[in-house]
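Visitor: Numbered per our numbering, the sequence shown spans residues 19 to 331.
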Amino acid sequence: MEERVTKILLQILIFPGFLFTAILGCLVSWIDRKVTARVQWRVGPPLLQPFYDFVKLLGKETIVPEGGARRIFLIAPLIALAAITLVSTLLWQVLLWPQQSFLGDLIVVIYLLTVLPIAVIIGGAASANPLASLGASREMKLILGYELPFILALFVPVIQAGGKIRLGELLTWQWTNHPFLYSWSGIVAFVVAILCMQAKLGLVPFDMSEAETEIIAGPYIEYSGAPLTLYKLTRWMMLFVLPMFLVIMFMGGIVFSSWHILWGILKYVILLVVVILIRNTNPRLRIDQAMRFFWGPVTGLALLAVILAFVGV
Numbered sequence: 019m020e021e022r023v024t025k026i027l028l029q030i031l032i033f034p035g036f037l038f039t040a041i042l043g044c045l046v047s048w049i050d051r052k053v054t055a056r057v058q059w060r061v062g063p064p065l066l067q068p069f070y071d072f073v074k075l076l077g078k079e080t081i082v083p084e085g086g087a088r089r090i091f092l093i094a095p096l097i098a099l100a101a102i103t104l105v106s107t108l109l110w111q112v113l114l115w116p117q118q119s120f121l122g123d124l125i126v127v128i129y130l131l132t133v134l135p136i137a138v139i140i141g142g143a144a145s146a147n148p149l150a151s152l153g154a155s156r157e158m159k160l161i162l163g164y165e166l167p168f169i170l171a172l173f174v175p176v177i178q179a180g181g182k183i184r185l186g187e188l189l190t191w192q193w194t195n196h197p198f199l200y201s202w203s204g205i206v207a208f209v210v211a212i213l214c215m216q217a218k219l220g221l222v223p224f225d226m227s228e229a230e231t232e233i234i235a236g237p238y239i240e241y242s243g244a245p246l247t248l249y250k251l252t253r254w255m256m257l258f259v260l261p262m263f264l265v266i267m268f269m270g271g272i273v274f275s276s277w278h279i280l281w282g283i284l285k286y287v288i289l290l291v292v293v294i295l296i297r298n299t300n301p302r303l304r305i306d307q308a309m310r311f312f313w314g315p316v317t318g319l320a321l322l323a324v325i326l327a328f329v330g331v
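#1: When you compare each of Arg184, Val265 and Ser155 to Tyr200 by their alpha carbons, which one comes out closest?
#2: Could you tell me which whole beta strand (DSSP E) segments of length 3 or greater appear in the stretch 176 to 257?
#3: Sort Leu160, Leu96 and Ala171 by Cα distance to Leu124 and report the nearest one.
#4: For the alpha helix (DSSP H) that contains Trp281, what are its first and last residues?
#5: Just the Cα atoms here: how many angstroms apart are Arg89 and Ala98?
#6: Roughly how many angstroms separate the alpha carbons of Leu76 and Gly243, rounded to a whole number?
#7: Can you tell me the Cβ-Cβ gap for Ala144 and Ala94, rounded? I've got them flagged as a contact below 8 Å.
#8: Do you know how far the Cα of Gly62 is from the Cα of Met255?
#9: Any contact of the stretch 130 to 148 with the stretch 42 to 58, i.e. 3+ C-beta pairs under 8 Å?
#10: When the Cα atoms are used, what is the spatial distance from Ser203 to Thr299?
#11: Residue ranges of each alpha helix (DSSP H) run of no fewer than 4 residues wholly in the stretch 50 to 100, ordered along the chain?
#12: Cutting at 7 Å between CB atoms, please list the residues of its own chain near Ala40, excluding the five before and the five after it.
#13: Candidates Ala207, Val176 and Val206: which alpha carbon is nearest Gln192's?
#14: Identify, in the order they occur along the chain, each residue of the same chain with its Cβ nearer than 7 Å to the Cβ of Val210, setting aside the five sequence neighbours on each side.
#15: Count the other CB atoms, across all protein chains shown, that sit within 10 Å of the CB of Gln178; report buried if there are 16 or more and exposed otherwise.
#16: Under 8 Å, with one C-beta from each stretch per pair, do the stretch 223 to 235 and the stretch 302 to 317 reach the 3-pair mark?
#17: Just how far apart, CA to CA, sit Thr247 and Asp71?
#18: Please report the straight-line C-alpha distance between Pro245 and Ile102, rounded to a whole angstrom.
#19: Could you check the C-alpha separation between Lys78 and Tyr238 for me, to the nearest Å?
#20: Quick check on this structure: which residue in Ala100, Phe208, Ile49 and Phe328 has the alpha carbon closest to the alpha carbon of Gly180?
#21: Counting along the chain, where does the alpha helix (DSSP H) carrying Val23 start and finish?
#22: What residues in its chain sit with their C-beta under 8 Å from that of Phe69, if we drop five residues either side in the sequence?
#23: First and last residue of the alpha helix (DSSP H) that includes Arg310?
#24: Which residue's Cα is closest to the Cα of Leu185: Phe311, Leu108 and Thr231?
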């Protein structure tokens, strides 16, 4: 029993959990900054720059705003970090040991991904800052906008696989048949999932909750020191985990054998670059525009994908 508990803790804290995902998150953050720099005709930072930024920011003073809910303000970043760590652990366990997938782990991942923006909302509301509260309000509205089409898009692979809701079964189905992306319903659902992922990541054109030119970082405005570091690390880890989640759901994941590993990594990098290019080539939407966009054409496309999946297309 003790050995099993120790093994689980090591998986969550070291590999494939927190430490492993944090390192990959920093590397992915470097790719983001490097591609962004190239788009803007700049050189970009060195490879270790995110690690330097992490250590530097971690050593800064933590200031809790006067009048804010101190405990909630400090706990919120920990909740977000814990949620993304658990998601990463689950996804890597599915990739490495698909047979260990448990019933409903897909639903667990969806719930945990919803915890992340909720933690941001809680932290912003607890800071007693009007700009942070405005950012938290926008984040709350944005969740209501993208969550429905995102779930509908993830429902398409479940339909195609015959109602399987284990991530391991969805992955092995793609290995024995074909990736869900190789169908019309899969293509439509994949496009919807990418748009919703962009909003979940808080990237342009859906970064209105922390718009620097309007509300100066929104819910993060009062954060400094270690709590702000945890939020930034969580964002970097999300930039790794969410695209990998879509690679698992629609593109067949990563097969750990010979050249298939390189192909799996290439799929992830291509999707990551697409996300970064969307961020760098679009203007920021207003929150009302984003709501109409997600409740209108995006939800319509998601419903179309579900119908096509039921038809078998």
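We put the beta carbon where it would ideally sit given N, CA and C, even for glycine.
Quick caveat, the model's predicted, so the values are computed rather than measured.
Guide: Based on what the coordinates show:
#1: Val265
#2: none
#3: Ala171
#4: His278 to Asn298
#5: 15 Å
#6: 5 Å
#7: 7 Å
#8: 20 Å
#9: no
#10: 27 Å
#11: 67 to 76
#12: Leu251 and Met255
#13: Val176
#14: Pro167, Ala171, Val316, Leu319, Ala320 and Ala323
#15: buried
#16: yes
#17: 9 Å
#18: 15 Å
#19: 15 Å
#20: Phe328
#21: Glu20 to Leu31
#22: Cys44
#23: Ile305 to Phe311
#24: Leu108
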